[in-house]
Amino acid sequence: MTDATVTPTPAPRTKGKSLMSEDARTKKRNAAEKRFRAYGLGAITVGLLFLVSLLWAIVQNGTPAFTQTFVTLDVALLEEKLDKTGNRDIDEIKKVSTFGYNPLIAEALVTATADIETEVTDKDLKKILSASAAALLRDQVIANPDLIGETVEFRLLASSRVDGYLKGRVTREDLARDKNLDAAHLDLIDVMVEQGSVERVFNWDFILGADASESRPEAAGIGVSMLGSFFMMLVVLFLALPIGVAASIYLEEFAPQNRFTDLIEVNISNLAAVPSIVFGILGLAAFIQFAHLPQSAPIVGGLTLTLMTLPTIVISTRASLKAVPPSIRDAALGVGASKMQSVFHHVLPLAMPGILTGTIIGLAQALGETAPLLLIGMVGFIASNYPDGVASGFLDPNSAMPAQIYEWAKRADPAFYERAWGGIIILLLFLMTMNIIAILLRRKFERRW
Amino acid sequence: MEDHYRMDRTMSTAQDTKISARNVQVHYADNHAIKDVNVEIGDKTVTAFIGPSGCGKSTFLRCLNRMNDTIDICRVGGDILIDGEDIYDPKVDPVQLRAKVGMVFQKPNPFPKSIYDNVAYGPKIHGLAANKAELDQIVERALRRGAIWDEVKDRLHAPGTGLSGGQQQRLCIARAVATEPEVLLMDEPCSALDPIATAQVEELIDELRQNYAVVIVTHSMQQAARVSQKTAFFHLGNLVEYDDTDQIFTNPKDPRTESYISGRIG
Amino acid sequence: MSNLLLIAIVIVLGAVGYVLGRKRALNTAGGNIRDLHSLPVYYGANTAMTAVVPAMGLLLVWLLVQPMVVNNAVSGMISDATIAEAGSRDLVMSDVRRVADGLDLAVANGAMSGAEASNLDPSTSDVRGILAAVGVALGSDVSSETLDAAQRYRGMSGTGSIWKAVVVIAASVAGLGIAYMQSHKDFRARNIVERGVLALLIFAASIAILTTLGIILSLVFSTVEFFRLYAASDFFFGLRWNPSFSGRGGGSELGILPLLWGTLYISFVALIVAVPLGLFAAIYLSEYASNRFRSIAKPLLEVLAGIPTIVYGLFALLTVGPLLVDVFGSGGLLGVDWMAGGTAVMTAGLVMGIMLIPFVSSLSDDIINAVPQSMRDGSYGLGATKSETVRQVILPAALPGIVGAILLAASRAIGETMIVVLGAGAAARLSMNPFDAMTTVTAKIVSQLTGDSDFASPEALVAFALGISLFIITLGLNVFALYIVRKYREQYD
């Protein structure tokens, strides 16, 4: 801290000096002060910039997942192909597999593009449609057999390359190395877009649908895994809240100062910092290998996440219990209530808003957790069917939103990446809603003692 | 160094005005804490501020070195001049001001550093020493002035927080003195100390008067009577009476002062 | 009798007990509540509690013990030859269980009668076909030995179930009866009920201990198993990580060092990003920012902490990785060729650093705020500027706490999974180049346990050994950090 500005004789320079002018040293010190302040502000700015770029990346890459390209086609549902007997017996119609529908779609495509000049051969036309187009058509026919024999307008799912082209994800250069689609297809698509037979519409199937196989990103949806997450959250809520509150009440109100209590406290604070993947190993070993609960089931995921969330809930619940002033307890004890009554009748209700806030935040944390779910088998591709009912919702193999997103991120296809980002938007919307509810709860019931 | 101080003494007579406050107003948000205070504080004098709790005496003291700047909701109006310069002038840097107007707080607050580093902190940041030897000198002199040198000279590198309360407070005084201030503000410096430590600090204050203008806020009227030459009585944010200490305690002019001195309010 | 039905019966008994106990207590007091020792609800609750809790406890114990007993009895029936053929006793037993469950299912579905199922002869009927028809797929035809074992299994389980139902219901009824007889106006029902509730609370609090115990047990058993198959010294000191993919064939190299190196390197990069940013942000927020700025900037920064790690993983894989390649890759902005692919230590470390900023900043913020105001006053009173006060008084005073916070952040970084799974790459490598792809302990736990390998193979079991290493490292860091922080707080309390 010594400095050249110090005069040779160590005279106290401040004596008799005017305050109105900054001396050289003060100038330097104030400059250092400004720099330091700027570092702080800079750090916050950088942090917020990271936040903005993260959100920007999510919105930018994720929003296209919410629209999907469809091709509108007039398909002639020939009776001789779909219902040879002509008696509209639903079981016989069901016997016709998707292979029976493919020629119909191919025919419809040829008809639709008849007056467009294109280099695409008739055989290659089907590449603009999703591989699941025939299955979708079949489902609609089975749902409504009366359509057979007529020529009906259907909106069929376009292939992911076509979809990507309309969204700007796929360019003509990309297609040079791609055997799934040619540039000639794109010219055709351009014309069809002008004609209005190819269009992008809002993608309900993404929000409500099930995961699809690796070759059909255009058909993949997050709906089933959303349900998986929902059932898991039910388990977490109904286990973690009561257990967490009970444990907190014991520790905060009843526990004597002894080794056992210390042991519990140490355990809780350490469990709060144990990596989530370790809880995954615990779930795998304890619930699946030891207790033989069904693999990949939301109930196992819920149990695992319960154990992971408990410390969070206990810590926040204890804080809210602690915030209730002792005078309330004394007042209850003073009118002859038992300790238990004073806690359950007075302290707990007063602490409830804080407890709920902490629980919601714990749930939000559990909702976004991925790693433990992978270990207990809740991986994405399992989420391909809706559960049949509530019991199967808990017990049948399913996935969860973050695991589904991970699964899509692993499939090296930009069309799946788009779905992954889209899934993140939905996940974050859920988290945001939960956090806003927590904040509102806190605002509404906040009490200053 | 000694010459320097002697020179200073010859330069100013004991009754020179060091600080003059004119129409000072302080607001904490909506609370009008100091109302129109006018006071002239002399150099080389101990001036005591007395009054009941919440009367504004500490607030006013903190105006004198702009410690109130660190509180967001505090606004100060009026003029406070030190050596004829308005310390609230935008050109004045509070950092320079505080080097000139040192402060000792109610509770001893040594930094969690060694005794030496506590005292050396001020000289270091203000660049008062060119080298280590000089710094050593400054520290020793300050500790001597703080009347604590003999007690700590063998353990200068022990933590300051390990001292007793009275020693800590004298260390804080030494720390304040080390930056060569011209005014020393003391905010109830003995309220956290036992009677023996209090006596030591009071003795020290009396010695400090040789070199500084000392302003002390105190709760204890006996203390004010013992250490100060001038006394100001504050009540509800007003400066009720300001006079020689003898005058205030023997013959107060204002009935409120009289009630306070005789123990009826406070 | 299904467990759900049993539980329902016990609960109904409890409800009945509630009504009866309450009524009897009131009757003994002649309908006058004032004469009762406790409120009527407590008599009801006491009866319900005595009827439900012991019965449920019995049920739980039974459910845990019966499979073990049956398993032991049945597995004794299986010859060593069969075990040798199938590979392990566990595999045979899982076949036996599947056959037994399948037969139960077939009976339940009405595909065969109970007698038919019990008298199945594997030589005359196609057991595999029958089971496939009810949705139970078997890997091979059922041998008579397996079928015998399965029949024995069914028999024991069936008898066990009947006894279970009898015992549980009896316990419930007995409890109800005893508590009913106790319900008298002078009986201290409230004290009993409250003791019961307290026991419940203690049990809830002990779940934390049980969880830790569960973690340790599940890790230790499989790790011991792993070290039986693979030398511990090779695991701890091996410089290569190269598991074979065949699942059962040997020849895997499972050294933890490359993984540990990747973990520590990535964590180091993350801390290099997070600590200065987080610390400066905390200093600005607690010492400089106006209340208004603080109330906006602090929650915004904390949003970063609320974002799930999978989002950061995707951000690393798809945004940050390609961006870094554009800068440091071949033909990039800098004209250097340091980075071959988007997944690298730098990618994962940078993104993890972003995630940790609010973690470091809010912990440091708390710790800086715990430094008493009198320290600041003392420093300002001497004419120090804010930055001098922060650097020379507040930070030294807060140092232990801040070190604790950084250690906690380090433990977070070491245990983080999704970011490294997606952003760091899959190849284990001992390299100094931060733009190389490396992998971590957590990423390998995921890949070894989600792959196709058999759970009994060293390739899968190594995940548990990795898990225990991870657990011990993070636990050590946490305990140490929490100790430092607690000591620090005590200093200013």
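Sequence order for the protein chains is X, C and V.
Under the working numbering, the first sequence is numbered contiguously, ending at residue 449.
Under the working numbering, the second sequence is numbered contiguously, ending at residue 1266.
Under the working numbering, the third sequence is numbered contiguously, ending at residue 2493.
Here a beta-carbon is modelled for each residue, glycine too, at the ideal position from N, C-alpha and C.
Look at the alpha carbon of residue i and the alpha carbon of residue j, and state the distance between them as a whole number of angstroms.
i	j	result
P2308 (chain V)	L2138 (chain V)	40 Å
M1007 (chain C)	E1180 (chain C)	Because the pLDDT of M1007 (chain C) is 40, which lies under 50, any placement of that residue in the model is unreliable, and the number read from its coordinates should be weighed accordingly. Roughly 14 Å between the two C-alpha positions.
V2142 (chain V)	A2081 (chain V)	15 Å
F2455 (chain V)	G377 (chain X)	13 Å
G2247 (chain V)	G2321 (chain V)	Residue placement at G2247 (chain V) cannot be trusted, given a pLDDT of 48 that sits under 50; the coordinates are not used to answer.
G2251 (chain V)	E2459 (chain V)	10 Å
L321 (chain X)	A2205 (chain V)	15 Å
E265 (chain X)	Q257 (chain X)	11 Å
E1207 (chain C)	S1191 (chain C)	20 Å
M308 (chain X)	H1032 (chain C)	53 Å
G2214 (chain V)	S2361 (chain V)	33 Å
F2488 (chain V)	L1163 (chain C)	Note on identity: in this sequence residue 2488 (chain V) is Tyr, with Phe being the wrong assignment. Roughly 19 Å between the two C-alpha positions.
S276 (chain X)	M340 (chain X)	35 Å
N1065 (chain C)	I2367 (chain V)	28 Å
F238 (chain X)	Y2042 (chain V)	25 Å
P242 (chain X)	S2218 (chain V)	26 Å
T261 (chain X)	L2210 (chain V)	14 Å
May I ask you to list the residues that DSSP assigns as paired with residue i?
i	result
C1074 (chain C)	C:Y1028
D1086 (chain C)	C:L1081
M1186 (chain C)	C:V1104, C:I1216
S1020 (chain C)	C:E1040, C:L1081
H1235 (chain C)	C:N1238
L2254 (chain V)	V:W2241
K1230 (chain C)	C:T1047, C:D1244
Tell me, please, whether the CB atom of residue i is closer than 7 Å to any CB atom in chain V?
i	result
N1238 (chain C)	no
F1105 (chain C)	yes
F430 (chain X)	no
P1112 (chain C)	yes
T1231 (chain C)	no
N1109 (chain C)	yes
I1041 (chain C)	no
E450 (chain X)	Absent from the structure is residue 450 (chain X), since the part of chain X shown begins at 1 and ends at 449.
Give a yes or no on whether 7 Å exceeds the smallest Cβ distance from residue i to chain X.
i	result
E1085 (chain C)	yes
V1092 (chain C)	yes
G2415 (chain V)	yes
L1097 (chain C)	yes
G1054 (chain C)	no
M2068 (chain V)	no
G1122 (chain C)	no
S2075 (chain V)	no
Any Cβ of chain C within less than 7 Å of the Cβ of residue i?
i	result
V2320 (chain V)	no
R25 (chain X)	yes
L41 (chain X)	no
M20 (chain X)	yes
Taking Cβ-Cβ distances below 8 Å as the criterion, which residues of the region 2467–2485 of chain V are in contact with chain X?
G2467, L2470, F2471, T2474, L2475, N2478, V2479, L2482
Against chain C, which members of the region 2371–2385 of chain V pass a CB distance test of less than 8 Å?
P2372, S2374, M2375, R2376, D2377, G2378, S2379, Y2380, G2381, L2382, G2383, A2384, T2385
If the cut-off is 9 Å on Cβ atoms, which residues from the region 2286–2304 of chain V count as contacting chain C, listed in chain order?
S2290, N2291
Inside the region 39–94 of chain X only - alpha helix (DSSP H) runs reaching at least 4 residues:
79–82
If you measure beta-carbon to beta-carbon, which residues of the region 2015–2036 of chain V are closer than 8 Å to chain X?
none
Below 9 Å between beta carbons is the criterion; list the residues of the region 254–272 of chain X that meet it against any residue of chain V, in chain order.
F254, A255, F260, T261, L263, I264, E265, V266, N267, I268, S269, N270, L271, A272
If contact means a Cβ-Cβ distance below 9 Å, which residues of the region 2331–2360 of chain V contact chain C?
none
Output needed in chain order: residues of the region 2392–2408 of chain V with a Cβ under 9 Å from some Cβ in chain C.
Q2392, V2393, P2396, A2397
Which of the residues in the region 1176–1187 of chain C, read from start to end, lie with their CB under 7 Å from any CB of chain V?
A1176, T1179
Cβ-based contacts, 8 Å cut-off: residues of the region 1052–1082 of chain C near chain V
N1065, M1067, T1070, D1072
Beta strand (DSSP E) runs contained entirely in the region 131–193 of chain X, provided each spans 3 or more residues:
151–157
What ranges does the alpha helix (DSSP H) occupy inside the region 2050–2097 of chain V, keeping only unbroken runs of at least 4 residues that lie completely in it?
2080–2086
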